[in-house]
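Notes to accompany the following structure.
In my numbering, the protein residues as written are 9 to 443.
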């Protein structure tokens, strides 16, 4: 058992995991990220993040894998668990957020947890129980047309009603101006009629994180995006502010942990692989192309018919060896839906396998910088590379750190969720990993 382990986080995909890890590091906790259920116990860390693939996984399998990860974290001594999902609540009416949380409440005989997908720094806000993306209700944002998880409502209560056994209670921002005891009483009254339930706190501004942590930070199970993690981590880190009701044992002194920095010896050939079809990723691709960085589009239907092959894609990369190169399958929602007529899962698997093969070939050929856009693509790439644990370095954008495989300190990975980052994100990532 790791006696220093305070925090265990389970993320629904790899970019979500790196997102969560970067915010925990920012809050002062030394964090190790594992790709999948670890085989070895963690050493010398205060937080562990486990990346699963439960966002679009078959529901029963997603629940099973999450329970296995939660049990492992508890065995290692984790005192609190956090279920990390996307700040746009990527889900379907069948799950998987609801079924996973329902199972955890039952597993640990807990009455409640919070649903907190907000991430104000990236334009995700919860106002009056509704989730907004850059000021637009979730279902009216580009997420309403997502090819895999189209969001049909912006009310979190409605999204959960379709996929969970338990009701929800909303805590609006007005409560944050009142004593914590008023919120506690509100929750107690709801609990008197509902043995298990979910709490939806408003989270409009960054400073709301402190109010939410004051009221709910002591729950043994929490859930949401990465928005709360820095505030929660600060309260656990040595020298951080003591949260209301926090046990003193959480404040034991440990040696100061420093964020790993990229070094001058990491510069080398760079490969960008973009599998996300989000609007922001497509704009980031256009930015790269405007800088005349060599790029090539991967077409799923051509891969299926054999008129485009992984070997041809690799040849293109090799022709431009020594330069920064982009390979992308990102396309408009309309084109993606047309291609998916050949089978959504078949297409997704083909694209992921192709991107993963290119990344593996690149590292074998001496590439030291791999930058990936898209959660599923990132998961496939990291699995192919075989790295299973990472130290977390500097961030390219909020929630998107440079990652350093523990057994390959010369390699730098940057893995981002589709909607994250500025338009020049890829250019920033190239600069930061070449310093």
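For glycine and all other residues, C-beta sits at the position ideal for the given N, C-alpha and C.
What are the partner residues of residue i, as DSSP defines its beta bridges?
i, result
"residue 103", "100"
"residue 211", "134"
"residue 178", "208"
"residue 405", "408"
"residue 368", "DSSP lists no partner for residue 368."
"residue 304", "335"
"residue 478", "With the chain running from 9 to 443 in the structure shown, residue 478 is simply not present."
"residue 121", "206"
"residue 399", "40, 412"
"residue 144", "141"
So what does DSSP say about residue i, is it helix, strand or coil?
i, result
"residue 126", "coil"
"residue 288", "helix"
"residue 265", "Bear in mind that a pLDDT of 34 at residue 265, under 50, signals an unreliable position, so the number given afterwards is only what the model happens to contain. Residue state, collapsed to three classes: coil."
"residue 39", "strand"
"residue 190", "helix"
"residue 312", "helix"
"residue 345", "helix"
"residue 165", "helix"
"residue 362", "helix"
"residue 416", "coil"
"residue 259", "Reliability of the predicted coordinates at residue 259 is poor, the pLDDT of 28 falling under 50, and the value obtained from them is presented with this limitation in mind. DSSP places residue 259 in helix when its eight states are reduced to three."
"residue 246", "coil"
"residue 230", "strand"
"residue 17", "strand"
"residue 240", "helix"
"residue 139", "strand"
"residue 149", "coil"
"residue 47", "coil"
"residue 299", "coil"
"residue 317", "coil"
"residue 393", "helix"
"residue 184", "helix"
"residue 253", "With a pLDDT of 42 at residue 253, under the threshold of 50, the modelled position of that residue is not reliable, and the figure given next carries that caveat. DSSP places residue 253 in coil when its eight states are reduced to three."
"residue 271", "Low per-residue confidence applies at residue 271: pLDDT is 43, beneath 50, and the placement is therefore not dependable, though the value from the model is reported in the following sentence. Residue state, collapsed to three classes: coil."
"residue 329", "coil"
"residue 172", "coil"
Compute the distance between the beta-carbons of residue i and residue j, then report whether it is under 7 Å.
i, j, result
"residue 223", "residue 188", "yes"
"residue 207", "residue 120", "yes"
"residue 195", "residue 209", "no"
"residue 358", "residue 306", "no"
"residue 428", "residue 407", "yes"
"residue 145", "residue 165", "no"
"residue 385", "residue 338", "no"
"residue 19", "residue 92", "yes"
"residue 426", "residue 284", "yes"
"residue 242", "residue 35", "yes"
"residue 364", "residue 389", "yes"
"residue 441", "residue 377", "yes"
"residue 77", "residue 108", "no"
"residue 236", "residue 124", "yes"
"residue 225", "residue 168", "no"
If distances are taken between C-alpha atoms only, which option among the options comes closest to residue i?
i, options, result
"residue 287", "431, 439, 140", "431"
"residue 416", "96, 94, 397, 384", "397"
"residue 157", "326, 104, 390, 183", "104"
"residue 143", "153, 114, 236, 132", "132"
"residue 38", "23, 22, 12", "12"
"residue 184", "216, 242, 371, 205", "216"
"residue 79", "442, 111, 64, 164", "111"
"residue 26", "436, 148, 383", "383"
"residue 278", "15, 135, 368", "368"
"residue 3", "234, 82, 64, 72", "Residue coverage of the chain in this structure runs from 9 to 443, which leaves residue 3 outside it and unanswerable."
"residue 420", "129, 342, 280", "280"
"residue 474", "291, 116, 334, 317", "Not covered by the structure: residue 474. The range shown for the chain is 9 to 443."
"residue 391", "239, 30, 44", "44"
Q. Counting only runs that start and end within the stretch 55-99, where is the beta strand (DSSP E) found for 3 or more residues in a row?
A. Along the length of the stretch 55-99, whole beta strand (DSSP E) runs at least 3 residues long occupy 55-59, 88-92, reported in chain order.
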